[in-house]
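Visitor:
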Amino acid sequence: MKPILLQGHERSITQIKYNREGDLLFTVAKDPIVNVWYSVNGERLGTYTGHTGAVWCVDADWDTKHVLTGSADNSCRLWDCETGKQLALLKTNSAVRTCGFDFGGNIIMFSTDKQMGYQCFVSFFDLRDPSQIDSNEPYMKIPCNADAKITSAVWGPLGECIIAGHENGELNQYSAKSGEVMVNVKEHSRQINDIQTSRDMTMFVTASKDNTAKLFDSTTLEHQKTFRTERPVNSAALSPIYDHVVLGGGQEAMDVTTTSTRIGKFEARFFHLAFEEEFGRVKGHFGPINSVAFHPDGKSYSSGGEDGYVRIHYFDPQYFEFEFEA
Numbered sequence: 027m028k029p030i031l032l033q034g035h036e037r038s039i040t041q042i043k044y045n046r047e048g049d050l051l052f053t054v055a056k057d058p059i060v061n062v063w064y065s066v067n068g069e070r071l072g073t074y075t076g077h078t079g080a081v082w083c084v085d086a087d088w089d090t091k092h093v094l095t096g097s098a099d100n101s102c103r104l105w106d107c108e109t110g111k112q113l114a115l116l117k118t119n120s121a122v123r124t125c126g127f128d129f130g131g132n133i134i135m136f137s138t139d140k141q142m143g144y145q146c147f148v149s150f151f152d153l154r155d156p157s158q159i160d161s162n163e164p165y166m167k168i169p170c171n172a173d174a175k176i177t178s179a180v181w182g183p184l185g186e187c188i189i190a191g192h193e194n195g196e197l198n199q200y201s202a203k204s205g206e207v208m209v210n211v212k213e214h215s216r217q218i219n220d221i222q223t224s225r226d227m228t229m230f231v232t233a234s235k236d237n238t239a240k241l242f243d244s245t246t247l248e249h250q251k252t253f254r255t256e257r258p259v260n261s262a263a264l265s266p267i268y269d270h271v272v273l274g275g276g277q278e279a280m281d282v283t284t285t286s287t288r289i290g291k292f293e294a295r296f297f298h299l300a301f302e303e304e305f306g307r308v309k310g311h312f313g314p315i316n317s318v319a320f321h322p323d324g325k326s327y328s329s330g331g332e333d334g335y336v337r338i339h340y341f342d343p344q345y346f347e348f349e350f351e352a
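Right, here's the structure in full:
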């Protein structure tokens, strides 16, 4: 399985994301550049330039018309996907950590960090109402609890709520209509680094610093499965066609220089969703993996690492013939 290597960032990757069809791959890193690539051959299509700080998050809407990015330059920006033109600039008081379009692509949400005396907020903007963007006033702003900022967030099923993971391991489901907390659970003991939903949005997987990834029901937040590793998990993604989950991680970036890659465990690890057992590993990155994503057709996956590279892996035929024996 020879990967396609994408070299478009000078700093470590923070998030990678496919659009719905999977023909495009968006990558953001701790440099101000947002890149978009053809996933089939790794050709770079273009960049979205405008940010002046590290970019933490990226999302594309349902029909890939618009791209949304959130950055440490205290802004969330909306771009025209095809032309790269900046359509909107939403200024915040602190860094934007997570962002996302709802299912219809009309409403965006983003969360800000708790820093420099400012609280962590989740803001909701309706893109159909230009006055909200011009005045930089969201139609709803939810403050989160004082001691734990939001570190990852996704839209729930049908755009009715958002599911947010916090620094202290809590999961909250916030209503996108009223802003109230609908469900609150605490299954992780440390920070939740990443949340990704399944193809049909019925469940989602969380990746945490407590060395586990866990599977939850999207509506009840009921804990279903646990995938254990020996290192912090930075990212986890669910296969759209098989009962497989891929985990990416490694130890903290600051400890990386003191260990060899073998000890550092920088492989992408594949687990069976139902049996919670590991059945495969893919080596490659020099340093921890910060973000993983499955292609929407399930025939390939990508990973972005602390080394600043993104690797697109197309699965060998053996992967599709593989039968898991419990």
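For the sequence shown, position 213 matches number 239 in the numbering used here, and the numbering has no gaps at all.
Glycine included, every Cβ here is placed at the ideal spot set by N, Cα and C.
Per the contact definition of three or more C-beta pairs closer than 8 Å, is the region 255 to 262 in contact with the region 311 to 331?
Guide: yes
Visitor: Taking 8 Å as the cut-off, decide whether the C-beta atoms of Ala174 and Gly126 are in contact.
Guide: Stepping through the sequence shown from its first residue, residue 174 is reached at position 148. Stepping through the sequence shown from its first residue, residue 126 is reached at position 100. Taking 8 Å as the Cβ cut-off, Ala174 and Gly126 do not qualify as a contacting pair.
Visitor: What distance in whole Å lies between the Cβ atoms of Cys102 and Gly96, which are believed to be in contact at a cut-off of 8 Å?
Guide: As a working note, residue 96 is residue 70 in the sequence shown. As a working note, residue 102 is residue 76 in the sequence shown. About 5 Å separates the two Cβ atoms, so the contact holds.
Visitor: DSSP three-state call for Ser161: helix, strand or coil?
Guide: The residue given as residue 161 occupies position 135 in the sequence shown. DSSP places Ser161 in helix when its eight states are reduced to three.
Visitor: In terms of residue numbering, what span does the beta strand (DSSP E) encompassing Pro169 cover?
Guide: In the sequence shown, counting from the first residue as 1, residue 169 sits at position 143. Here the beta strand (DSSP E) through Pro169 covers 166 to 169.
Visitor: Can you give me the C-alpha to C-alpha distance between Arg257 and Pro314, rounded to a whole angstrom?
Guide: Position 231 of the sequence shown, counting from 1, holds the residue named residue 257. Position 288 of the sequence shown, counting from 1, holds the residue named residue 314. Cα-Cα distance, rounded: 10 Å.
Visitor: Under DSSP, the beta strand (DSSP E) around Thr349 begins and ends at which residues?
Guide: Counting from 1 along the sequence shown, the entry for residue 349 is found at position 323. In the sequence as displayed, the identity of residue 349 is Glu instead of Thr. Element bounds for Glu349: n/a, residue is neither H nor E.
Visitor: What three-state label does DSSP hand Leu184 in the structure shown?
Guide: Position 158 of the sequence shown holds residue 184. The answer is helix: DSSP assigns Leu184 an H, G or I state.
Visitor: Could you tell me the distance, in whole angstroms, from the CA atom of Met142 to the CA atom of Ser120?
Guide: What you label residue 142 is simply residue 116 of the sequence shown in a count that begins at 1. What you label residue 120 is simply residue 94 of the sequence shown in a count that begins at 1. Using only the alpha carbons, I get a separation of about 7 Å.
Visitor: Rounded to whole angstroms, what's the CA-CA distance from Val122 to Phe305? Just pull it up for me.
Guide: In the sequence shown, counting from the first residue as 1, residue 122 sits at position 96. In the sequence shown, counting from the first residue as 1, residue 305 sits at position 279. Cα-Cα distance, rounded: 36 Å.
Visitor: Looking only at its own chain, which residues have a Cβ that is under 8 Å from the Cβ of Asn67, when we skip the five neighbours before and after it?
Guide: Position 41 of the sequence shown, counting from 1, holds the residue named residue 67. Result list for Asn67: Ile30, in chain order.
Visitor: Measuring CB atoms only, is the region 200 to 216 touching the region 152 to 163, in the sense that at least three cross pairs come out at less than 8 Å?
Guide: The answer is no - the region 152 to 163 does not touch the region 200 to 216, with fewer than three Cβ pairs under 8 Å.
Visitor: Which value, in whole angstroms, describes the spacing of the CA atoms of Tyr268 and Met227?
Guide: Taking the sequence shown and counting its residues from 1, the one referred to as residue 268 is at position 242. Taking the sequence shown and counting its residues from 1, the one referred to as residue 227 is at position 201. Using only the alpha carbons, I get a separation of about 15 Å.
Visitor: From this set, Ser224, Met208, Asp139, which residue's C-alpha is nearest His192's C-alpha?
Guide: Within the sequence shown, residue 192 is the residue found at index 166, counting from 1. For the residues Ser224, Met208, Asp139, the minimum Cα distance to His192 belongs to Asp139.
Visitor: If we ignore side chains and look at the alpha-carbon of each, how far apart do Leu50 and Lys56 end up?
Guide: Along the sequence shown, read from residue 1 onward, the residue named residue 50 stands at position 24. Along the sequence shown, read from residue 1 onward, the residue named residue 56 stands at position 30. About 20 Å.
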